[in-house]
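Per the numbering used here: the sequence shown = residues 66 to 524.
Just so it is clear, CB atoms sit at the ideal spot from N, CA and C, and this is done for glycine as well.
Note that this is a predicted model, so its numbers are computed, not measured.
Taking it in order: structure first as structure tokens, then the write-up.
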Amino acid sequence: TEPLPMDDTPLTWVDTSAQLQQLCQVLEGCTEIGVDLEHHSVRSFQGFTCLMQISSREHDYLVDTIQLRGHMHMLLGVFTNPHITKIFHGSDSDVKWLQRDFGLYIVNLFDTGQAARVLELPSFSFAYLLESLCGQSSDKRYQLADWRLRPLPLELIQYARMDTHFLPYIYDQLRQTLSERAGGGDKLIRTVLSKSSAVSMQEYQKEVFDPNGYTLLISRSGKALTPTQTAVFAKLYAWRDQTARDKDESHHYVLPSTLLFKLATSLPKDAAAVLEACRPSVPPLVREAAERVAEIVASGLAEGGDSMAVDLAHAQQTKELGQMAVPDEGEVYVQAAWVLDDEEGGLASGAPPPEIVVAEQNKTLDSSVPGPSSLFARQVTVGASKGDAASRAKVDQILSSLGTFPALTGASVAAKENGAAEPEASARAQPESQDDADTEMPKSINEIFKLSNQNRRRN
């Protein structure tokens with residue numbers, strides 16, 4: 066049957082224990098109920114549930130979980146009753162929030178998001194199901210609303226109701242489609258119930274600080290940090306987490322990740338520089354602890370070791386000139402993960418060309434994944450394209466030295482690894498393929514690394 070229009074459906078705001086007890090008695094007589102939660106996490110470390118929406122086929126309820134936090138356990142009998150289907154959409158977080166805040170667990174869960182996946186619908190979102198099955202659309206402006214507000218504005222009440230009002234009807238439509246796809250059987254319905262049950266079996270565990278978690282944040286950002294900047298980033302990352310726990314605030318409120326990267330790359334030397342780096346919107350807790358943040362940055366710089374001076378120069382040039390100085394010849398090979406037979410010999414002009422061997426990390430290098438070599442290539446490219454005459458002269462010197470080296474081919478590498486003698490110079494001079502024959506002497510640092518990556522892929 067078609068769902069009742071929202072305007073024709075009774076709505077009850079539940080904010081007393083007596084009302085909650087009465088609601089439990091009503092729900093015990095239902096066979097299906099739609100449930101959703103509204104959560105707040107900006108001004109809280111763990112976050113907390115602010116509102117619970119429950120809809121039967123005839124009535125909508127909004128439960129003030131802030132007011133009734135100490136009484137929500139009264140719903141345990143309903144939520145664990147196997148004869149009442151609890152309909153959620155995308156319940157992964159809801160299951161954990163119910164456990165964390167109220168000690169509530171779910172038995173007989175039907176997740177419409179799981180059903181959408183089993184049916185391989187064009188979209189698994191609730192908005193898609195709402196529009197395609199009910200002809201309704203929700204206002205996306207309220208997705209990040211502050212659900213702590215009391216009294217709750219009418220716009221938020223309407224938005225919250227829509228999240229559950231149509232769930233029993235969506236449930237009916239999805240079950241029918243699942244049965245039809247299975248030739249009238251219940252195989253696909255059981256699949257959805259099984260997947261939903263797996264979601265309901267999740268257990269909430271309090272977030273534990275991972276001292277290496279900053280590496281994942283850097284990796285996901287796609288940003289390139291020097292070793293010293295990474296050390297500073299790690300220390301600021303740890304300070305942010307500890308401060309969030311101590312103050313019961315979210316990581317984002319303490320120090321947004323965008324500013325975390327900005328502080329780690331600008332390396333402010335004092336409190337004033339910390340505040341300047343965070344402008345125009347300085348987080349309140351950063352303003353309060355600006356001196357401490359500056360000390361943390363200094364501590365990270367101290368751990369930078371020998372690379373600190375290079376990193377500081379890089380940070381200064383990035384800020385003022387938008388370029389990085391071109392390293393000397395030896396640094397090119399170290400950063401590119403190549404190794405010379407005579408590491409102490411350098412690239413002395415006029416000396417016999419040293420033999421190049423492939424470093425261990427390059428033998429298994431996936432060139433599609435950014436690493437130290439690709440990072441360096443990007444930095445040098447910037448420096449070479451915008452550098453001064455001295456930098457260009459240094460590039461020319463490097464190119465001149467590289468031009469005397471024998472070609473590094475797959476055959477020579479394989480021969481060295483197998484202990485076999487390398488081909489004669491005349492044989493090495495012959496191109497292995499048309500690609501080798503077409504290769505020209507590189508004319509820039511960028512071309513050097515492009516050629517390097519080609520050689521890696523061949524090997």
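- By the neighbour-count definition (other C-beta atoms within 10 Å, threshold 16), Y193 is an exposed residue.
- Three or more beta-carbon pairs drawn from the segment 168-175 and the segment 263-272 are found closer than 8 Å, and the two stretches are therefore classed as touching.
- Excluding sequence positions up to five before and after S286, its CB lies within less than 8 Å of the CB of S322, F326, all in the same chain and listed in chain order.
- Secondary structure of L340 (DSSP, three-state): helix.
- By alpha-carbon distance to V362, the top candidate from R352, T293, H317 is T293.
- Looking only at G155, L258, H230, the smallest Cα-Cα distance to L243 is reached by L258.
- Of the candidates S203, T150, G200, Q201, T150 places its Cα closest to the Cα of T177.
- When S284, Q241, L239, L116 are compared, the shortest CA-CA separation from A210 is found for L116.
- In this structure, the CA atom of D166 is about 8 Å from the CA atom of R134.
- Within the DSSP secondary-structure output, I119 pairs in a beta bridge with V100, Y126.
- DSSP, read as helix, strand or coil, puts D157 in helix.
- With fewer than 16 other Cβ atoms from the protein chains shown falling within 10 Å of its own Cβ, K252 counts as exposed.
- Just so you know, the alpha carbons of L232 and A247 end up roughly 22 Å apart.
- In the structure shown, D176 adopts extended strand secondary structure according to DSSP, grouped into three states.
- In this structure, DSSP gives I254 a helical state, which the three-state scheme calls helix.
- By the neighbour-count definition (other C-beta atoms within 10 Å, threshold 16), H154 is a buried residue.
- If you check the CB distance, L127 and L76 come in under 9 Å.
- Proximity to E123 across R240, Q84, D80, G99 peaks at G99, based on C-alpha coordinates.
- Annotated three-state conformation of L76 is strand, per DSSP.
- In the DSSP assignment, T242 falls within the unbroken alpha helix (DSSP H) covering 232-246.
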